[in-house]
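Asker: Every position in the sequence shown, counted from 1, becomes a number in my numbering once 609 is added. Heads up, the beta-carbon is just placed ideally off N, CA and C, and yes, glycines get one too. Handing you this structure, nothing more for now.
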Amino acid sequence: MPELFIAGQWAAARDGRTREIRCPADGALVAVVDEAGPDDARAATAAARAAFDHGPWPHTPAADRGRLLLRVADLLERDRAALARAESLDTGKRLVESEYDLDDIAACFRYFGALVASGDGGGRIVDTGDVPADSRVVREPVGVCALITPWNYPLLQTAWKVAPALAAGNSFVLKPSELTPHTAIALMRLLAEAGLPDGVANLVLGAGPSAGAPLTEDPRVDLVSFTGGLVTGRRVMAAAAPTVKKVALELGGKNPNIVFADADFDTAVDHALTAVFLHSGQVCSAGARLLVQDELHDRFTDAVTAGAERIRLGGPFDPEARSGPLISAAHRDKVEAYVAAGLAEGAVLRCGGRRPADPALARGHYFLPTVLDECTAGMSVVREESFGPVLTVERFRTEEEAVALANDTVYGLAGAVWTQDPGRAHRVASRLRAGTVWINDFHPYVPQAEWGGMKQSGFGRELGPSGLAEYQETKHIWRNLAPRPQGWFS
Ligand code: NAP
């Protein structure tokens, strides 16, 4: 069955091209899928445009749109096991992590469904005082959205865009990563099953330059919401400029995890490990930069190193495994190069730094959890996103120094501070230039709270009421309640 979804129909690529999808854990062939080119992307855009300009969806009452999203959440829960399995085969991620992702995905659809079903579309009535007028600000859909997503959390990142885009009444073309197409295909089926009109949701699979770039350039697209790397983000923003599209960018992070000497030691060590090694470090908000107060440094780094050495690697369905492979051979090469550069620049290798010797893992793209100690702010492995299981450790003496080191990055996605002093915790949190700051925690998020970056981690917000507003235009409607001539020119 063909896998592109255009105007409510499943279609093969116009030029007949296909791509092999292989599991990163062992290289096994998962499937061969259609590979869209520019003509397919343009056809999908035309379908989304027609659905927006002539179809019922933008004018469907918000409460009905909300109810459809709640139905999608039910369907996601019904198919949780199959979807989690598909996600793990594409990404190599542990099955249990994919299952958690599925819960978050259903919660996202539920949140935006409930938000608009309850009538909270963000509009308001304006007080005009003595002026006899009915003045109201209303929110309307933006139009056709190009939604471009990465491979690390394929369906979750997609849900963060699809759910608010649909809640607001838009139509869209989705372009997931070429490496992880399967849950996007499944989502199209679920949206159709839930009753979404044809043409509102469209899917093109394929590489960024051939299937994604045409969406960012097309004058029929009104908004581009992109999640991915900084370099691609710059490209997307430039491509959207000539037609002044609305752009939302969710880019990378080089997130500081600051541990003061008075932190709860065992909890901070435990979270420092999860912060960076979850999903082999392929997490935008990974706590890849550990900043430890000088007097705690040795003990803390020893404990984190011991924890990293205990992490057992394995495939998605190995119940003993605690971490999986990297997404591709090319990505592992990149991670290796960052580690080599760090060592050349003076970092001290505490553990990992190489591929595992276990022959059972030889066919997957595995890399051992790595701790690089005695790092300094100028090193490339500290400054740039390796997006792998690599923790850099830096020392600081004072609160002032911790904040300065933490903010010494072009990124501003997330960060954490560990201390038992509430005053210090809030002082540091308020000074960190990051879109999310955790105090004595790492990684949690809820769909009710906004997600997004400062600085070069991007702009625009996902989740929360701002996540919905991202997909809405604002219009002011003024009705004169006592119209009569003004007499200025007559
Ligand atoms: P990427 O290489 O930038 O790709 C992201 C998406 O953009 C993919 O679908 C890609 O297609 C597509 N793309 C590539 N070139 C394009 C172009 N010229 N025009 C339009 N689309 C294009 O990023 P990635 O390696 O998939 O993902 C990892 C990055 O995502 C990391 O930097 C991570 O921090 C970031 N991320 C951020 C967040 C957040 O919330 N801020 C969340 C998750 C991930 P193909 O790859 O299929 O060619």
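Kindly indicate the opening and closing residues of the alpha helix (DSSP H) around residue 1002.
Answerer: That residue, residue 1002, is in no alpha helix (DSSP H); its beta strand (DSSP E) goes 999 to 1005.
Asker: Is the beta carbon of residue 795 sitting closer than 8 Å to the one on residue 695?
Answerer: Note that the C-beta distance between residue 795 and residue 695 is below 8 Å.
Asker: Which whole runs of the beta strand (DSSP E) in the segment 880 to 950 are 3 residues long or more, in chain order?
Answerer: 898 to 902
Asker: Below 8 Å CB to CB, which residues in the same chain sit around residue 1001 once its five sequence neighbours on both sides are set aside?
Answerer: 897, 898, 899, 951, 956, 981, 984, 988, 990 and 991
Asker: CB-CB under 7 Å to residue 1083, same chain, minus the five flanking residues each way: which ones, in chain order?
Answerer: 746 and 748
Asker: When the Cα atoms are used, what is the spatial distance from residue 1033 to residue 816?
Answerer: 46 Å
Asker: Ordered along the chain, which non-local residues of its own chain (more than five positions away) have a Cβ less than 7 Å from that of residue 598?
Answerer: No information on residue 598 is available, as it lies outside the stretch 610 to 1099 that the chain covers here.
Asker: For residue 754, which residues does DSSP report across the bridge?
Answerer: 781 and 832
Asker: Checking 8 Å against the spacing of the C-beta atoms, do residue 1051 and residue 884 come in under that value?
Answerer: Yes.
Asker: Please report the distance separating the alpha-carbon of residue 759 from that of residue 847.
Answerer: 19 Å
Asker: Could you have a look at residue 954 and say whether DSSP puts it in helix, strand or coil?
Answerer: coil
Asker: On a Cα-Cα basis, can you pick out the residue from 890, 735 and 614 that is closest to residue 1086?
Answerer: When each option's Cα is compared against that of residue 1086, the closest is 735.
Asker: Go ahead and pull the three-state DSSP assignment for residue 643.
Answerer: strand
Asker: How many Å lie between residue 688 and residue 924 at the Cα?
Answerer: 22 Å
Asker: Which whole-angstrom value describes the C-beta separation of residue 661 and residue 780, a residue pair presumed to lie in contact below a C-beta threshold of 8 Å?
Answerer: The beta-carbon distance between residue 661 and residue 780, rounded to whole angstroms, is 4 Å. This is short enough to meet the 8 Å contact definition.
Asker: Between the beta-carbon of residue 1015 and the beta-carbon of residue 867, is there less than 8 Å?
Answerer: yes
Asker: Once DSSP output is grouped into helix, strand and coil, what is the label at residue 982?
Answerer: strand
Asker: Can you find a heavy atom of the ligand NAP that lies under 7 Å from the Cβ of residue 1065?
Answerer: no
Asker: Is the beta carbon of residue 631 within less than 7 Å of some heavy atom of the ligand NAP?
Answerer: no
Asker: Do the CB positions of residue 860 and residue 891 come within less than 8 Å of each other?
Answerer: no
Asker: Under three-state DSSP, which class holds residue 671?
Answerer: helix
Asker: If we count the other Cβ atoms within 10 Å of its Cβ and call it buried at 16 or more, is residue 728 buried or exposed?
Answerer: exposed
Asker: Which residues does DSSP list as the beta-bridge partners of residue 811?
Answerer: Bridge partners of residue 811: 782.
Asker: Could you work out which residue in 659, 625 and 644 is closest to residue 616 when comparing CA atoms only?
Answerer: 659
Asker: Closer than 7 Å to a non-hydrogen atom of the ligand NAP - does that hold for the CB of residue 773?
Answerer: no
Asker: Given a cut-off of 8 Å on the beta-carbon distance, is the pair residue 1043 and residue 1073 in contact?
Answerer: Against a cut-off of 8 Å, the Cβ pair of residue 1073 and residue 1043 comes out as no contact.
Asker: Taking 7 Å as the cut-off, is the C-beta of residue 1070 nearer than that to any heavy atom in the ligand NAP?
Answerer: At a threshold of 7 Å, residue 1070 does not count as near the ligand NAP, since its beta carbon sits no closer than that to any of the ligand's heavy atoms.
Asker: Is residue 618 near the ligand NAP, with its Cβ less than 7 Å from a heavy atom?
Answerer: no
Asker: Consider the C-beta atom of residue 886 and the heavy atoms of the ligand NAP; say whether any pair is separated by less than 7 Å.
Answerer: no
Asker: Rounded to whole angstroms, what's the CA-CA distance from residue 1024 to residue 886? Just pull it up for me.
Answerer: 15 Å
Asker: Taking three-plus beta-carbon pairs below 8 Å as touching, is the segment 871 to 881 in contact with the segment 841 to 857?
Answerer: Taking 8 Å as the limit for Cβ pairs, the verdict is that the segment 841 to 857 does not touch the segment 871 to 881.
Asker: On a Cα-Cα basis, can you pick out the residue from 1003, 809 and 692 that is closest to residue 655?
Answerer: Among 1003, 809 and 692, the Cα nearest to that of residue 655 is on 809.
Asker: Going by DSSP, what residues sit across from residue 1097 in a beta bridge?
Answerer: DSSP lists no partner for residue 1097.
Asker: Evaluate residue 638 with the Cβ neighbour count: other Cβ atoms within 10 Å of its Cβ, from every protein chain shown; 16 or more gives buried, anything less gives exposed.
Answerer: exposed
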